[in-house]
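**Q** Dropping a structure here in structure tokens format, bear with me for questions.
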Amino acid sequence: MKRRLIIIFPLVALLVFLAVQGFMIISIWRQEKENTLMRYESLTREATSVLLRAKKFNGFEKAMDITDKFAGLVVEEKLPELRTAADTANLKEEVLAQAYSILQKNELLSSFTNEYIKKKGYSTDFKSFIWISYLGLLSDKGQFVIADTVPDKDKIKKTIIVVNTYKEEHNNFVIEYSSLIDLTEINSLVFRKAFFSILLITFSILIVVLIFWLTWRNLMEERRLSGLKSDFINNMTHELKTPLSTITVAGRTLEKPQINTDPDKVLETAKMISKQSVNLNQLINTILEVSLLERTEFELDRHKVNADELTHQIVSSFLTSCDGCATVREEYKAPGTLVAVDIVYFTTMINNLLANAVKYCDKDPLIVVSTAVADNEFQVSITDNGIGIPHEHIDHIFDKFYRVPHGNIHKIKGLGLGLYYVKRIATAHGGDVSVSSRPDRGSTFKIRIPI
Ligand code: ADP
């Protein structure tokens, strides 16, 4: 439960942090958008009032004069000719379009506003336009309404600012219109403004995620190591207990008075004690060697030896010591090659691989030991017909204490140190060890040592 919390808490904290940062980015963006709209609103209003104060006109005078003349013409010539509803609709459309065109062509406010904003040092990435909300022609018969549109607030884009609304009456028409600007590029304006803050927040997110990832990786690695360590302690206890209990039983046998009358039994028991002591000693040495390897760098006592001959000697004495426990085919293809190795360590390395080839085999072990010279390296390969190694464990088998944890492999004794030792010795010689394996088909371990 506690372990789970150790993982869940930091994850939740990271998610909360990311949510808060995301929320901050959105708030900054919204705030900056609002500020930009407000800034442009006040700038355009300022421009309008400056124009009015300084030049005593609002920029639409010329447009109004032209519209008045045009309205007069329509009132005189076109209104009397209207017959059908279609005529009326067409005329309204035409007059409104013409009014828009006159206003847009002849107004001076937009260019003045543009200049003004530019002078103040702000971007002029916006579009100015006019909205006629009411237009009526004045004739003898009264007002002829061309347009009467209340702007639909929901349809007006959020980026549109109403600068000013004007209501005017001239000889031939009445009008109500607004000058507007549309900040079409508001997002890029906001981005430029908020860039630095967003960059800082993004940077802090990246740093936190990176630190989190590193810590997470360490945590996982530590969990893995602590798992391996407890496996190792279990295995070691098991390995030590076997010879110890045999020695204890043998000791008790020797204590029995009746054994004195049977010298053969005494000898047999003494041999058993001695054999198990040797086993025990070997085990303790392995553990000590590995802990020594951990603390100090290797000190190799290297000598140039005939590599093929040395390998053959090791294979022969292995077979003798295990009473011919396997069939070994030897294929030496590096005759006369001299290679500088520490003979003791090199022997341990080959012995470990041969012992594993026998240990992890569920049929009659058939081992192929072959040598070669390639790329200025002496290579020795040990191929077996054993149980093979599942793909997902391949990357870990050279790790300290690592044992493939499945099936009946657990019945096979070991401390998970043999291959770790092989790897360390191979790299200490400036070389390396690699493996290729297929479950149920067998494995090949290849040691490479520079010549
Ligand atoms: P140990 O044999 O003490 O468990 P090793 O470091 O020698 O430790 O081996 C690590 C693991 O690699 C073993 O637990 C075993 O599962 C796997 N292994 C090693 N050699 C072979 C092999 N020749 N065939 C199949 N599996 C092997």
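Going by my numbering, the first residue of the sequence shown is number 119, and it counts up by one from there.
We treat Cβ as the ideally placed atom computed from N, Cα and C, and that holds for glycine.
In this structure, how does DSSP classify phenylalanine 313 when only helix, strand and coil are distinguished?
**A** It is helical.
**Q** Within the present structure, is the beta-carbon of arginine 521 separated from the nearest heavy atom of ligand 1 by less than 7 Å?
**A** Flag set: Cβ of arginine 521 near ligand 1.
**Q** Give the secondary structure of isoleucine 505 by DSSP, where H, G and I count as helix, E and B as strand, and everything else as coil.
**A** DSSP places isoleucine 505 in coil when its eight states are reduced to three.
**Q** Say the cut is 7 Å; is the CB of alanine 444 nearer than that to a heavy atom of ligand 1?
**A** No, ligand 1 has no heavy atom inside 7 Å of this Cβ.
**Q** Would alanine 189 pass as a contact of phenylalanine 291 if the rule is Cβ separation under 8 Å?
**A** Yes, these two residues count as a Cβ contact at 8 Å.
**Q** Nearest by alpha-carbon distance to aspartate 349: which of Asn403, Asp493, Lys531 and Ala207 is it?
**A** Ranking the options by Cα distance to aspartate 349, first place goes to Lys531.
**Q** Please say whether leucine 307 and aspartate 205 have beta carbons closer to each other than 8 Å?
**A** Their beta carbons are not under 8 Å apart, which means aspartate 205 does not touch leucine 307 by this criterion.
**Q** For phenylalanine 516, count neighbouring C-beta atoms within 10 Å of its own C-beta (all shown protein chains included) and say buried if the count is 16 or more, exposed if not.
**A** With 16 or more Cβ atoms within 10 Å of its Cβ, phenylalanine 516 is classed as buried.
**Q** How do the region 281-300 and the region 246-263 stand: do at least 3 beta-carbon pairs fall below 8 Å, yes or no?
**A** Because the criterion of three Cβ pairs below 8 Å is met, the region 281-300 and the region 246-263 touch.
**Q** Leucine 129 to valine 540, Cα distance in whole Å?
**A** Going by the C-alpha atoms only, they are around 39 Å apart.
**Q** Compare the Cα-Cα distances from lysine 393 to each of Ala368, Leu372 and Ile377 and report the closest residue.
**A** It is Ala368.
**Q** Counting C-beta neighbours from all protein chains within 10 Å, is the total for lysine 151 16 or more, i.e. buried, or is it exposed?
**A** Classification for lysine 151: buried.
**Q** In the DSSP output, which residue or residues are listed as bridge partners for glycine 369?
**A** None; glycine 369 has no bridge partner.
**Q** Which residues mark the beginning and the end of the alpha helix (DSSP H) in which arginine 542 is found?
**A** Segment 536-546, the alpha helix (DSSP H) holding arginine 542.
**Q** For aspartate 300, which of helix, strand or coil comes out of DSSP?
**A** DSSP places aspartate 300 in strand when its eight states are reduced to three.
**Q** Determine whether the beta carbon atoms of isoleucine 279 and glutamate 159 lie at a separation below 8 Å.
**A** Going by C-beta atoms, isoleucine 279 is nearer than 8 Å to glutamate 159.
**Q** In whole angstroms, give me the CA-to-CA distance for glycine 454 and glycine 442.
**A** Cα to Cα, glycine 454 sits roughly 27 Å from glycine 442.
**Q** Inspect the beta-carbon positions of valine 487 and valine 446 and report whether they are closer than 8 Å.
**A** Taking 8 Å as the Cβ cut-off, valine 487 and valine 446 qualify as a contacting pair.
**Q** With C-beta atoms as the reference, is isoleucine 507 less than 8 Å away from leucine 471?
**A** No, the pair does not count as a contact, with Cβ atoms beyond the cut-off.
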